[in-house]
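Engineer: Every number in the working numbering is 208 more than the matching position in the sequence shown, counting from 1. Even glycine gets a Cβ: it sits at the ideal position worked out from N, Cα and C. First the structure, which I've put down as C-alpha coordinates, then a few questions once you've had a look.
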Amino acid sequence: MALTMKDTFYISHGSPTLSIDESLPARHFLQSWKDKVFGHTPKSILVISGHWDTSFPAVNIVQRNDTIYDFYGFPDPMYKLKYPAPGAPELALRVKELLMASDFKRVDEDRKRGLDHGAWVPLMLMYPEADIPVCQLSVQSKRDGNYHYNLGKALAPLKDEGVLIIGSGATTHNLRALRNLGGGVVPWASEFDTWLKDALLQGRYEDVNHFQEKAPYAKMAHPWPDHFYPLHVAMGAAGENAKAKLIHHSWDLGALSYASYQFTAAS
(Lines of atoms letter the chains of each structure in order from A and count residues from 1; the text may use other names and numbers.)
(Lines give C-alpha, C1' and ligand atoms only; values in the text may rest on other atoms or scores of the structure.)
Protein backbone atom coordinates (compact mmCIF):
# COMPACT_ATOMS: atom_id res chain seq x y z
CA MET A 1 0.00 0.00 0.00
CA ALA A 2 1.55 3.32 -1.04
CA LEU A 3 1.80 6.05 1.54
CA THR A 4 -0.84 8.74 1.04
CA MET A 5 0.67 12.19 0.55
CA LYS A 6 -1.38 14.92 2.18
CA ASP A 7 0.91 17.65 0.90
CA THR A 8 2.09 19.21 -2.33
CA PHE A 9 4.86 21.81 -2.56
CA TYR A 10 6.02 24.83 -4.49
CA ILE A 11 9.77 25.44 -4.26
CA SER A 12 11.47 28.62 -5.45
CA HIS A 13 14.71 27.35 -6.96
CA GLY A 14 16.05 30.84 -7.70
CA SER A 15 19.49 30.88 -9.29
CA PRO A 16 21.35 27.77 -10.54
CA THR A 17 24.15 28.75 -8.10
CA LEU A 18 21.86 27.27 -5.42
CA SER A 19 23.68 24.06 -6.41
CA ILE A 20 27.02 25.24 -4.94
CA ASP A 21 26.57 28.52 -3.04
CA GLU A 22 26.67 27.84 0.72
CA SER A 23 25.74 31.46 1.49
CA LEU A 24 22.16 31.05 0.19
CA PRO A 25 19.65 30.39 3.00
CA ALA A 26 17.40 28.53 0.53
CA ARG A 27 20.16 25.95 0.07
CA HIS A 28 20.18 25.17 3.80
CA PHE A 29 16.37 25.05 3.85
CA LEU A 30 16.36 22.40 1.10
CA GLN A 31 19.15 20.44 2.79
CA SER A 32 17.02 20.25 5.96
CA TRP A 33 14.05 18.93 3.94
CA LYS A 34 13.85 15.37 5.31
CA ASP A 35 14.54 16.43 8.91
CA LYS A 36 12.42 19.54 9.20
CA VAL A 37 9.95 19.84 6.33
CA PHE A 38 8.81 16.47 5.01
CA GLY A 39 9.90 13.26 6.69
CA HIS A 40 8.02 10.77 4.50
CA THR A 41 9.80 8.97 1.69
CA PRO A 42 7.67 9.15 -1.46
CA LYS A 43 7.34 6.23 -3.86
CA SER A 44 8.15 8.62 -6.72
CA ILE A 45 8.35 12.36 -7.39
CA LEU A 46 6.60 14.44 -10.04
CA VAL A 47 8.31 17.78 -10.71
CA ILE A 48 6.66 20.59 -12.65
CA SER A 49 9.55 22.90 -13.56
CA GLY A 50 9.43 26.35 -15.08
CA HIS A 51 12.35 25.29 -17.30
CA TRP A 52 10.31 22.92 -19.44
CA ASP A 53 7.83 24.94 -21.44
CA THR A 54 5.88 23.28 -24.27
CA SER A 55 2.74 23.95 -26.33
CA PHE A 56 1.01 20.89 -24.86
CA PRO A 57 1.60 19.07 -21.57
CA ALA A 58 4.54 16.67 -21.89
CA VAL A 59 6.03 14.01 -19.60
CA ASN A 60 9.50 12.50 -19.78
CA ILE A 61 9.56 8.73 -20.08
CA VAL A 62 13.10 7.48 -19.39
CA GLN A 63 14.70 4.64 -17.43
CA ARG A 64 17.41 6.88 -15.95
CA ASN A 65 17.41 10.68 -15.83
CA ASP A 66 20.28 12.59 -17.44
CA THR A 67 21.36 15.84 -15.76
CA ILE A 68 20.59 18.78 -18.08
CA TYR A 69 22.84 21.87 -17.74
CA ASP A 70 20.37 24.43 -19.07
CA PHE A 71 22.33 27.50 -17.88
CA TYR A 72 25.25 29.45 -19.31
CA GLY A 73 28.33 31.20 -18.00
CA PHE A 74 28.32 29.77 -14.49
CA PRO A 75 31.31 28.38 -12.52
CA ASP A 76 32.81 25.15 -13.93
CA PRO A 77 32.06 22.92 -10.90
CA MET A 78 28.33 23.32 -11.59
CA TYR A 79 28.70 21.50 -14.91
CA LYS A 80 30.23 18.50 -13.14
CA LEU A 81 27.32 17.93 -10.76
CA LYS A 82 25.23 14.85 -11.49
CA TYR A 83 21.80 13.76 -10.28
CA PRO A 84 21.24 10.32 -11.84
CA ALA A 85 17.80 9.63 -10.36
CA PRO A 86 15.88 6.73 -11.88
CA GLY A 87 13.14 7.70 -14.31
CA ALA A 88 9.50 6.99 -13.46
CA PRO A 89 7.96 5.70 -16.72
CA GLU A 90 4.90 4.23 -14.97
CA LEU A 91 4.22 7.54 -13.25
CA ALA A 92 4.66 9.39 -16.56
CA LEU A 93 2.02 7.23 -18.22
CA ARG A 94 -0.29 7.62 -15.20
CA VAL A 95 0.08 11.43 -15.43
CA LYS A 96 -0.82 11.23 -19.11
CA GLU A 97 -3.84 9.02 -18.33
CA LEU A 98 -5.15 11.39 -15.64
CA LEU A 99 -4.74 14.47 -17.83
CA MET A 100 -6.40 12.86 -20.85
CA ALA A 101 -9.32 11.81 -18.62
CA SER A 102 -9.68 15.45 -17.51
CA ASP A 103 -10.16 17.00 -20.94
CA PHE A 104 -6.51 17.69 -21.69
CA LYS A 105 -6.82 16.34 -25.21
CA ARG A 106 -3.14 15.94 -25.97
CA VAL A 107 -0.22 14.93 -23.73
CA ASP A 108 3.15 14.36 -25.37
CA GLU A 109 5.76 11.76 -24.39
CA ASP A 110 9.42 12.75 -24.43
CA ARG A 111 11.60 9.63 -24.37
CA LYS A 112 14.97 11.41 -24.27
CA ARG A 113 14.72 14.29 -21.83
CA GLY A 114 16.30 14.07 -18.37
CA LEU A 115 15.98 16.58 -15.52
CA ASP A 116 16.50 20.33 -16.03
CA HIS A 117 18.05 22.41 -13.25
CA GLY A 118 14.61 23.41 -11.95
CA ALA A 119 14.28 19.75 -10.98
CA TRP A 120 17.75 18.40 -10.23
CA VAL A 121 19.17 21.35 -8.29
CA PRO A 122 16.50 21.32 -5.53
CA LEU A 123 16.24 17.51 -5.57
CA MET A 124 20.01 17.15 -5.19
CA LEU A 125 19.70 19.05 -1.90
CA MET A 126 16.42 17.45 -0.74
CA TYR A 127 17.11 13.82 -1.72
CA PRO A 128 20.90 13.64 -2.26
CA GLU A 129 20.93 9.84 -2.63
CA ALA A 130 19.15 10.22 -6.03
CA ASP A 131 17.37 6.91 -5.39
CA ILE A 132 13.73 8.02 -5.77
CA PRO A 133 12.24 7.76 -9.30
CA VAL A 134 11.52 11.19 -10.82
CA CYS A 135 9.27 12.25 -13.67
CA GLN A 136 8.88 15.78 -15.08
CA LEU A 137 5.76 17.49 -16.44
CA SER A 138 6.05 20.64 -18.56
CA VAL A 139 4.27 24.00 -18.22
CA GLN A 140 2.44 25.84 -21.01
CA SER A 141 3.39 29.48 -20.61
CA LYS A 142 0.98 30.59 -23.34
CA ARG A 143 -1.93 29.43 -21.13
CA ASP A 144 -3.10 31.03 -17.86
CA GLY A 145 -3.10 30.34 -14.12
CA ASN A 146 -6.54 28.76 -14.18
CA TYR A 147 -5.41 26.25 -16.81
CA HIS A 148 -2.45 25.21 -14.64
CA TYR A 149 -4.64 25.00 -11.54
CA ASN A 150 -6.89 22.57 -13.45
CA LEU A 151 -3.82 20.65 -14.60
CA GLY A 152 -2.96 20.22 -10.91
CA LYS A 153 -6.54 19.25 -10.02
CA ALA A 154 -6.39 16.42 -12.55
CA LEU A 155 -3.24 15.13 -10.83
CA ALA A 156 -4.71 15.06 -7.30
CA PRO A 157 -5.24 11.24 -7.29
CA LEU A 158 -1.45 10.78 -7.47
CA LYS A 159 -1.21 11.85 -3.83
CA ASP A 160 -3.00 8.64 -2.83
CA GLU A 161 -0.51 6.64 -4.89
CA GLY A 162 2.57 7.72 -2.92
CA VAL A 163 3.63 10.44 -5.39
CA LEU A 164 5.17 13.67 -4.11
CA ILE A 165 4.11 16.58 -6.35
CA ILE A 166 6.55 19.49 -6.45
CA GLY A 167 6.19 22.68 -8.47
CA SER A 168 9.59 24.33 -8.98
CA GLY A 169 9.93 27.94 -10.11
CA ALA A 170 10.52 31.34 -8.52
CA THR A 171 8.04 33.48 -6.64
CA THR A 172 9.46 36.53 -8.39
CA HIS A 173 11.36 36.00 -11.64
CA ASN A 174 12.55 39.10 -13.45
CA LEU A 175 16.15 38.32 -14.32
CA ARG A 176 16.76 41.78 -15.81
CA ALA A 177 16.01 43.40 -12.47
CA LEU A 178 18.60 41.48 -10.43
CA ARG A 179 21.39 43.45 -8.79
CA ASN A 180 23.28 43.36 -5.55
CA LEU A 181 21.56 45.74 -3.14
CA GLY A 182 23.49 44.57 -0.09
CA GLY A 183 20.53 42.65 1.27
CA GLY A 184 17.92 45.24 0.25
CA VAL A 185 14.80 44.33 -1.74
CA VAL A 186 13.18 46.47 -4.45
CA PRO A 187 9.65 47.63 -3.50
CA TRP A 188 7.77 46.08 -6.43
CA ALA A 189 9.21 42.62 -5.69
CA SER A 190 8.37 42.91 -2.02
CA GLU A 191 4.80 44.06 -2.78
CA PHE A 192 4.12 41.19 -5.18
CA ASP A 193 5.67 38.66 -2.80
CA THR A 194 3.60 39.93 0.14
CA TRP A 195 0.40 39.97 -1.91
CA LEU A 196 1.00 36.35 -2.89
CA LYS A 197 1.69 35.26 0.68
CA ASP A 198 -1.49 36.92 1.96
CA ALA A 199 -3.60 35.50 -0.87
CA LEU A 200 -2.29 31.96 -0.34
CA LEU A 201 -2.51 31.96 3.45
CA GLN A 202 -6.06 33.32 3.25
CA GLY A 203 -7.00 30.64 0.72
CA ARG A 204 -7.77 33.17 -2.05
CA TYR A 205 -6.72 30.71 -4.74
CA GLU A 206 -9.07 32.25 -7.29
CA ASP A 207 -7.14 35.53 -6.96
CA VAL A 208 -3.86 33.68 -7.41
CA ASN A 209 -5.24 32.00 -10.55
CA HIS A 210 -5.94 35.50 -11.91
CA PHE A 211 -2.75 37.06 -10.53
CA GLN A 212 -2.13 39.01 -13.74
CA GLU A 213 -5.20 41.16 -13.01
CA LYS A 214 -5.19 40.99 -9.20
CA ALA A 215 -1.58 41.21 -8.02
CA PRO A 216 0.45 44.43 -7.78
CA TYR A 217 3.38 44.53 -10.25
CA ALA A 218 2.47 41.12 -11.70
CA LYS A 219 4.15 41.90 -15.01
CA MET A 220 7.32 43.15 -13.28
CA ALA A 221 7.48 40.08 -11.04
CA HIS A 222 6.85 37.70 -13.96
CA PRO A 223 7.56 39.16 -17.42
CA TRP A 224 7.05 35.51 -18.53
CA PRO A 225 4.91 33.35 -16.26
CA ASP A 226 6.76 30.05 -16.78
CA HIS A 227 8.29 30.12 -13.27
CA PHE A 228 4.98 30.96 -11.61
CA TYR A 229 2.70 28.33 -13.13
CA PRO A 230 4.30 25.42 -11.22
CA LEU A 231 2.73 27.06 -8.13
CA HIS A 232 -0.73 26.79 -9.70
CA VAL A 233 -0.19 23.10 -10.44
CA ALA A 234 0.89 22.35 -6.84
CA MET A 235 -2.05 24.40 -5.54
CA GLY A 236 -4.57 22.62 -7.79
CA ALA A 237 -3.22 19.18 -6.91
CA ALA A 238 -3.75 19.87 -3.20
CA GLY A 239 -7.50 20.26 -3.80
CA GLU A 240 -10.33 22.67 -3.05
CA ASN A 241 -9.90 23.78 0.57
CA ALA A 242 -6.21 23.04 0.92
CA LYS A 243 -4.30 25.04 3.52
CA ALA A 244 -1.21 26.91 2.38
CA LYS A 245 1.82 27.43 4.60
CA LEU A 246 4.95 29.50 3.93
CA ILE A 247 7.83 27.09 4.63
CA HIS A 248 10.77 29.23 3.56
CA HIS A 249 11.43 32.86 2.78
CA SER A 250 14.61 34.59 1.72
CA TRP A 251 15.80 37.02 -0.96
CA ASP A 252 18.77 37.25 -3.28
CA LEU A 253 20.01 39.98 -5.63
CA GLY A 254 17.36 42.51 -4.63
CA ALA A 255 14.43 41.00 -6.51
CA LEU A 256 14.62 37.20 -6.43
CA SER A 257 12.25 35.71 -3.86
CA TYR A 258 12.90 32.21 -2.59
CA ALA A 259 9.46 31.98 -0.94
CA SER A 260 8.35 28.33 -0.87
CA TYR A 261 4.96 26.89 0.08
CA GLN A 262 3.36 23.73 1.34
CA PHE A 263 -0.26 22.90 0.47
CA THR A 264 -2.04 20.47 2.76
CA ALA A 265 -5.20 18.80 1.49
CA ALA A 266 -8.37 19.35 3.50
CA SER A 267 -9.10 16.20 5.51
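Do you know how far the Cα of Glu-369 is from the Cα of Phe-436?
Structural biologist: Between Phe-436 and Glu-369, the C-alpha separation is close to 26 Å.
Engineer: Taking one C-beta from the stretch 346-360 and one from the stretch 399-407 each time, how about it: are there three or more such pairs within less than 8 Å?
Structural biologist: No contact exists between the stretch 346-360 and the stretch 399-407.
Engineer: Along the chain, where does the alpha helix (DSSP H) that runs through Phe-400 open and close?
Structural biologist: Looking at the DSSP string, the run of the alpha helix (DSSP H) that includes Phe-400 is 395-409.
Engineer: Going by the beta-carbon positions, is the gap between Trp-432 and Ser-349 smaller than 8 Å?
Structural biologist: A contact, by the Cβ cut-off of 8 Å.
Engineer: State the beta-bridge partners of Tyr-218 as determined by DSSP.
Structural biologist: Its beta-bridge partners are Gly-375, Tyr-469.
Engineer: Of all the options Trp-396, Ala-452, Gly-447, which has the alpha carbon lying nearest to the alpha carbon of Gly-462?
Structural biologist: Cα-wise, what sits closest to Gly-462 is Trp-396.
Engineer: Identify, in the order they occur along the chain, each residue of the same chain with its Cβ nearer than 7 Å to the Cβ of Asp-401, setting aside the five sequence neighbours on each side.
Structural biologist: Cβ neighbours of Asp-401 beyond the five flanking positions: Thr-379, Thr-380, Ser-465, Ala-467.
Engineer: Using a threshold of 8 Å, state whether the C-beta atoms of Ala-234 and Gly-247 are closer than that.
Structural biologist: For Ala-234 and Gly-247, no; Cβs fall outside 8 Å.
Engineer: Is the beta carbon of Gln-420 sitting closer than 8 Å to the one on Ala-429?
Structural biologist: No, they are not a contact pair.
Engineer: Under the three-state reduction of DSSP, which class applies to Arg-272: helix, strand or coil?
Structural biologist: Looking at Arg-272 - three-state DSSP - the assignment turns out to be strand.
Engineer: Going residue by residue through the stretch 323-371, where are the continuous alpha helix (DSSP H) segments of at least 4 residues, counting only ones entirely within it?
Structural biologist: Complete alpha helix (DSSP H) runs here, min 4: 325-334, 353-363.
Engineer: Where does His-481 sit, in a helix, a strand or coil, going by DSSP?
Structural biologist: The requested residue 481 does not occur in the structure, where the chain is confined to residues 209 to 475.
Engineer: Please state whether DSSP places His-456 in a helix, a strand or coil.
Structural biologist: It is a strand residue.
Engineer: Please name the residue, chosen from Leu-254, Glu-317, Phe-217, that lies closest to Lys-453 on a Cα-to-Cα basis.
Structural biologist: Checking every option, the nearest Cα to that of Lys-453 belongs to Phe-217.
Engineer: Taking the beta carbon of Asn-449 as the centre, do at least 16 other beta carbons fall within 10 Å, making it buried, or is it exposed?
Structural biologist: It is exposed - the Cβ of Asn-449 has fewer than 16 other Cβ atoms within 10 Å.
Engineer: Of the choices Leu-254, Arg-272, Thr-249, whose alpha-carbon is the least far from that of Ala-559?
Structural biologist: With the chain running from 209 to 475 in the structure shown, residue 559 is simply not present.
Engineer: Quick check on this structure: which residue in Lys-451, Asp-460, Asp-434, Met-443 has the alpha carbon closest to the alpha carbon of Ser-257?
Structural biologist: When only C-alpha atoms are compared, the closest one is Asp-434.
Engineer: For the beta strand (DSSP E) that Glu-317 lies in, which residues bound it at each end?
Structural biologist: Here the beta strand (DSSP E) through Glu-317 covers 316-318.
Engineer: With distance defined between alpha-carbon atoms, name the residue in Leu-372, Pro-292, Ala-445 nearest to Pro-336.
Structural biologist: Ranking Leu-372, Pro-292, Ala-445 by Cα distance to Pro-336 puts Pro-292 first.
Engineer: Would Phe-279 and His-325 qualify as a contact pair, given that the criterion is a beta-carbon distance under 8 Å?
Structural biologist: For Phe-279 and His-325, yes; Cβs fall inside 8 Å.
Engineer: Distance check for Ala-296 and Gln-239, CA to CA, integer angstroms please.
Structural biologist: Each residue's alpha carbon lies about 23 Å from the other.
Engineer: By Cβ distance below 8 Å, which residues in the same chain neighbour Val-270 in space, the five residues on each side in sequence not counted?
Structural biologist: Once the five neighbours on either side are set aside, the close Cβ partners of Val-270 are Gly-295, Pro-297, Arg-319, Lys-320, Arg-321, Gly-322.
Engineer: State the start and end residues of the unbroken alpha helix (DSSP H) segment that holds Arg-302.
Structural biologist: Per DSSP, Arg-302 belongs to the alpha helix (DSSP H) from 297-309.
Engineer: Near Asp-274, which residues of its chain fall below 6 Å by C-beta distance, leaving aside the five closest residues on each side in sequence?
Structural biologist: Once the five neighbours on either side are set aside, the close Cβ partners of Asp-274 are Gly-322.
Engineer: Per the DSSP calculation, Ala-442 is bridged to which residue(s)?
Structural biologist: Answer is none; Ala-442 lacks a bridge partner.
Engineer: Which first and last residues belong to the alpha helix (DSSP H) in which Lys-427 is found?
Structural biologist: Where Lys-427 is concerned, the enclosing alpha helix (DSSP H) stretches over 426-429.
Engineer: Report the rounded CA-to-CA distance for Ser-398 versus Ala-474, giving the unit in angstroms.
Structural biologist: When rounded, the distance between both Cα atoms is 29 Å.
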